[in-house]
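J.:
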Amino acid sequence: MANFGGDYMVQPVVKALQVLDYVARQGHMVSLTEIVHELDLPKTTVFRYLQTLSATGFLEHDIRHDRYGVGARFRDLARVDHSLSGLRELALPEMRGLMETFHETVNLGVLSESQVVYIDMLEPGRTRRAQARVGHRHPLHSTSLGKAILAHLPDADTLMQRDRALPQVTINTLTDIKKLRRQTDDIRRRGYAVEKGENEDGLMCIGVPILDRDGYPVAAMSLSAPERRMPPALTSAAADALMGAAWRISRQLGAGS
């Protein structure tokens with residue numbers, strides 16, 4: 120494992136990750152003795168790491184044979200990474216086409232713990248840049264990505280925090296849950312979401328859902344631009360193009376089959 124980070128490295132974490140990395144790379148169950156020998160770490164230290172990683176699901180402990188292998192949580196993370204990589208590959212050509220047609224930023228986001236997280240973004244090189252970056256998390260209710268996802272979620276009411284106030288991001292953010300429900304109903308019928316200055320002052324976004332074979336919103340795609348550059352006719356054209364692109368991606372994920 121590479122050694123970098125200097126004073127910011129937390130050595131116990133590094134060693135625990137070394138243990139996890141070694142076990143994951145073997146392709147079969149391994150013993151405590153083998154890990155100690157290969158990593159040249161104290162036996163008691165390795166044992167504590169193995170027990171912790173097993174308790175948290177990253178490793179699996181076969182008590183009968185006293186051997187360790189990858190756990191369910193580790194496999195889940197691997198599947199998520201593979202799934203997101205596949206989604207990006209499907210979406211990238213469509214995102215590039217939208218960016219080149221409208222010369223505005225195109226975003227790809229997924230649901231993560233009641234927020235939307237940006238997993239890809241293409242920018243045309245304009246001087247006005249949105250604050251959002253890949254990896255950033257924003258509220259569902261203040262973004263067109265989030266609204267497009269909410270409109271198709273079976274448990275949307277729970278994520279809309281039915282019994283709590285929605286946080287206000289800008290002066291324009293919709294914080295009334297009843298109004299948000301009506302808005303998501305409209306989005307579901309219309310096929311796309313629009314927010315103007317609700318997540319960032321002066322910026323508007325048009326968002327569309329990407330659905331799987333069960334109609335579940337696995338992701339959403341949006342086009343974002345300063346409001347002054349998006350008159351109604353251009354907004355309508357961008358919405359149509361986004362819906363077409365999202366449908367082509369969804370078809371490749373099995374939607375409509």
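Sequential numbering of the sequence shown, starting at 120, is according to this note's numbering.
We put the CB at the ideal spot given by N, CA and C, even for glycine.
#1: I need the DSSP call for Arg183, collapsed to helix, strand or coil.
#2: Please confirm if the region 172–188 is in contact with the region 211–229, defined as three or more CB-CB distances below 8 angstroms between the two stretches.
#3: May I ask which residues mark the beginning and end of the alpha helix (DSSP H) holding Pro131?
#4: Do you know how far the Cα of Leu217 is from the Cα of Ile296?
#5: Just the Cα atoms here: how many angstroms apart are Gly334 and Gly373?
#6: Compute the Euclidean distance between the alpha carbons of Gly244 and Ala338, then round it to the nearest angstrom.
#7: If you draw a straight line from the C-alpha of Glu232 to the C-alpha of Thr303, how long is it?
#8: For the beta strand (DSSP E) containing Pro351, name the first residue and the last one.
#9: With a threshold of 16 other CB atoms inside 10 Å of the CB of Pro336, please say whether the residue is buried or exposed.
#10: The beta strand (DSSP E) with Gly326 in it runs from where to where?
#11: Go ahead and pull the three-state DSSP assignment for Thr246.
#12: Let me know the beta strand (DSSP E) ranges lying completely inside the region 284–348, each 3 residues or longer, listed in chain order.
#13: What's the gap between the Cα of Ser343 and the Cα of Gly321?
#14: I need the DSSP call for His257, collapsed to helix, strand or coil.
#15: List the DSSP bridge partners of Leu209.
T.: Here's the rundown:
#1: Arg183 sits in coil when the DSSP states are folded into three classes, being neither helix nor strand.
#2: With a cut-off of 8 angstroms, the region 211–229 and the region 172–188 do not count as touching, because too few Cβ pairs lie within range.
#3: For Pro131, the enclosing alpha helix (DSSP H) begins and ends at Gln130 to Gln145.
#4: Computed Cα separation, rounded: 32 angstroms.
#5: So the alpha carbons of these two residues sit roughly 9 angstroms apart.
#6: Gly244 and Ala338 have their C-alpha atoms roughly 25 angstroms apart.
#7: Spanning the two alpha carbons is a distance of roughly 19 angstroms.
#8: Careful: Pro351 lies outside any beta strand (DSSP E), inside the alpha helix (DSSP H) at Pro351 to Gln371.
#9: With 16 or more Cβ atoms within 10 Å of its Cβ, Pro336 is classed as buried.
#10: Start and end: Leu322 to Leu330.
#11: The pLDDT assigned to Thr246 is 49, lower than 50, so where the model puts this residue is not dependable; a value taken from the coordinates is nonetheless given after this. Thr246: coil per DSSP, three-state reduction.
#12: Runs of the beta strand (DSSP E) lying entirely within the region 284–348 and spanning at least 3 residues, in chain order: 312–315, 322–330 and 336–345.
#13: When rounded, the distance between both Cα atoms is 11 angstroms.
#14: Secondary structure at His257: strand, using DSSP grouped into helix, strand and coil.
#15: DSSP lists no partner for Leu209.
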